[in-house]
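First comes the structure, then the notes that go with it.
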């Protein structure tokens, strides 16, 4: 499997990193040096649209094809993203200019598109598709220039430059469709320092394109596949009429420019962000909120607890203090095992698995080892880590199941290994059937699906069993008080102790701490942007963990004071309250930011959103549960109980 080779490559990269800590650029691949006239291969990745969310492979449209089509062997992450990297007939040589050249081999015989092909191209143009090419692993970008300040346009002609990933397939004017059939490639190279008598070497540091639509009659082609471009003012665009056959020429030109950008920082163009201030603002805002919360929490809880514990521990205590105070009254029931302990421990095991996976992925990405230049690396690493973290998930689930007086450990281990992954696999399989129906490259091929199933049942399942076995054999968690034989009656609860009110209250703070980062993550997933701010993400993750733990402790304290000892499930549900807000935000994002109108793209969006919300609920619920469990054990260990 190609993704096994990818894993070996990571191990090698890590070993190399340990050897050469002074090298600046760890991620991806080693730089390729070109001499003049060396072939710089242009490859196609896919066609994407944020309106349909369905990627297609390059040759799904009738572009010019090379004599032999060869697809690159891809890793797991690339396959799951819908990348299908393939060679193209563009002939680009290092530092060699081309004025205008016909792409398909017959200059005097234009390409004839059938009615079906014309219809397909017109449909893709209407759906706002972008074409993604790469040269030396660097994605193509379209330069967008605009004036930042309209009033000073005359005084200062300074333009803001932004880059759009890929180039537009074509454009619409009224009800007419126009195809970009001429591509002007602008490649930037950096000249490397070499010895005096050696041939100079170059490295590709930027890849831009200016797409143009030029009518067949205006492109004058000769026998040698050369063509002349018309004057910019007098040319008409190449219309594609979906109701009849169309004739056109695919042409391209190549222009090289020298650049000061070093190879190590060539990705900066694609990752430039104008709103880093927003990130800092959100981080500082979140830190302030969390410190504020910590302050309030420590004041209220610690002062109240000290008073409670001091009162409870007085030898000459009068009965009425016992009557008016809350949480000590339920000491004989607080550790009574809940309903469905197997399902609870299984969900918490999956939460631990997710927590370990996310923590390691964000940390490794923060060190720069999963940069956008190593395509699909993030996805591949996340899949493998989730499989291998099964041993931790199993261990924690097994130990908790034992603590909750469970006996059927084999069934519990199977439940842990299959419950959450089974839901994920089921939803993905159903969505995949719809994508298959659309013939999109985003559909996971059958062999990859079999490989994923083999990983699940061949790596994850045995590891979960292994962890569960050791967790179940280990001493259960030591609960400081004994559980009474007869359960205590629970008094009638106030309205604000309702589960749903608790979810709404507990979810606000963790969600507020991370929602700006959520916007950038959504843009990366749904609008084909690059997400690379893993340093910020790591900080946000730490803040999320802290705020979830604190909220959970507050909620469980109030619940026990209200003499309601059924806290196990409730804490898990309430701590994951921020997942409810993530769902609300996803709906808001769908309505306001995306112009998806068709059924299948909408289904994909909400299907994947449901998976994200479920995973986020498991993650935050697990964090909150363990924080609350530690807190409850601490406070009951501090009081003297007859």
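Residue numbers (mature numbering (1 follows the signal peptide of the UniProt record, and there is no 0)): -23 to -1, 1 to 619. Where is the CB? At the ideal position from N, CA and C, for every residue including glycine.
Start and end residues, beta strand (DSSP E) containing residue i
| i | result |
| --- | --- |
| residue 525 | From DSSP, residue 525 is part of no beta strand (DSSP E) but of the alpha helix (DSSP H) over 511 to 538. |
| residue 626 | Here the chain has residues from -23 to 619 only, and residue 626 is not among them. |
| residue 22 | 19 to 25 |
| residue 291 | Unbroken run through residue 291: none, as it is neither H nor E. |
| residue 79 | 75 to 79 |
Unbroken alpha helix (DSSP H) run spanning residue i, endpoints
| i | result |
| --- | --- |
| residue 149 | Where residue 149 is concerned, there is no enclosing alpha helix (DSSP H), although the beta strand (DSSP E) it sits in stretches over 147 to 150. |
| residue 458 | From DSSP, residue 458 is part of no alpha helix (DSSP H); its letter is neither H nor E. |
| residue 206 | It is not in any alpha helix (DSSP H) - residue 206 carries neither H nor E in the DSSP assignment. |
| residue 330 | 318 to 343 |
| residue 564 | 554 to 569 |
| residue 378 | 367 to 380 |
| residue 476 | 476 to 503 |
| residue 444 | 438 to 450 |
| residue 247 | 245 to 248 |
| residue 428 | 423 to 432 |
Coil, strand or helix - residue i by DSSP
| i | result |
| --- | --- |
| residue 300 | Low confidence applies to residue 300: its pLDDT is 49, below 50, so where it sits in the model is not reliable enough to give any reading. |
| residue 94 | helix |
| residue 312 | coil |
| residue 230 | strand |
| residue 52 | coil |
| residue 111 | strand |
| residue 137 | strand |
| residue 7 | coil |
| residue 41 | coil |
| residue 33 | strand |
| residue 582 | helix |
| residue 402 | helix |
| residue 391 | helix |
| residue 174 | coil |
| residue 242 | helix |
| residue 347 | coil |
| residue 266 | helix |
| residue 201 | coil |
| residue 63 | strand |
| residue 196 | coil |
| residue 212 | coil |
Exposed unless 16 or more other CB atoms sit within 10 angstroms - verdict on residue i
| i | result |
| --- | --- |
| residue 52 | buried |
| residue 281 | exposed |
| residue 213 | exposed |
| residue 285 | buried |
| residue 412 | buried |
| residue 114 | buried |
| residue 384 | exposed |
| residue 490 | buried |
| residue 451 | exposed |
| residue 607 | exposed |
| residue 231 | buried |
| residue 614 | exposed |
| residue 380 | buried |
| residue 204 | buried |
| residue 363 | buried |
| residue 437 | buried |
| residue 298 | Low confidence applies here, because residue 298 scores a pLDDT of 48, under 50, leaving its location unreliable and the question unanswered by this model. |
| residue 168 | exposed |
| residue 398 | buried |
| residue 603 | buried |
| residue 373 | buried |
| residue 532 | buried |
| residue 233 | buried |
| residue 576 | exposed |
| residue 375 | buried |
beta-carbon residue i near the ligand SAM non-hydrogen atom, thresh 7 Å
| i | result |
| --- | --- |
| residue 423 | Because no ligand of any kind appears in the structure shown, any question about the ligand SAM cannot be addressed here. |
CB-CB length for residue i against residue j, believed under 8 Å
| i | j | result |
| --- | --- | --- |
| residue 143 | residue 108 | 6 Å |
| residue 121 | residue 140 | 7 Å |
| residue 611 | residue 551 | Incorrect: roughly 19 Å between the Cβ atoms, too far for contact. |
| residue 146 | residue 159 | Their Cβ separation, rounded to whole angstroms, is 13 Å, which puts residue 146 and residue 159 out of contact at 8 Å. |
| residue 323 | residue 431 | That pair is no contact at about 22 Å. |
| residue 25 | residue 106 | 7 Å |
| residue 256 | residue 521 | Their Cβ separation, rounded to whole angstroms, is 15 Å, which puts residue 256 and residue 521 out of contact at 8 Å. |
Which residues DSSP lists as bridging residue i, in chain order
| i | result |
| --- | --- |
| residue 675 | No answer is possible for residue 675: it lies beyond the span of the chain, which begins at -23 and ends at 619. |
| residue 189 | 159 |
| residue 116 | 111 |
| residue 224 | 89 |
| residue 144 | 108 |
| residue 217 | 154 |
| residue 121 | 139 |
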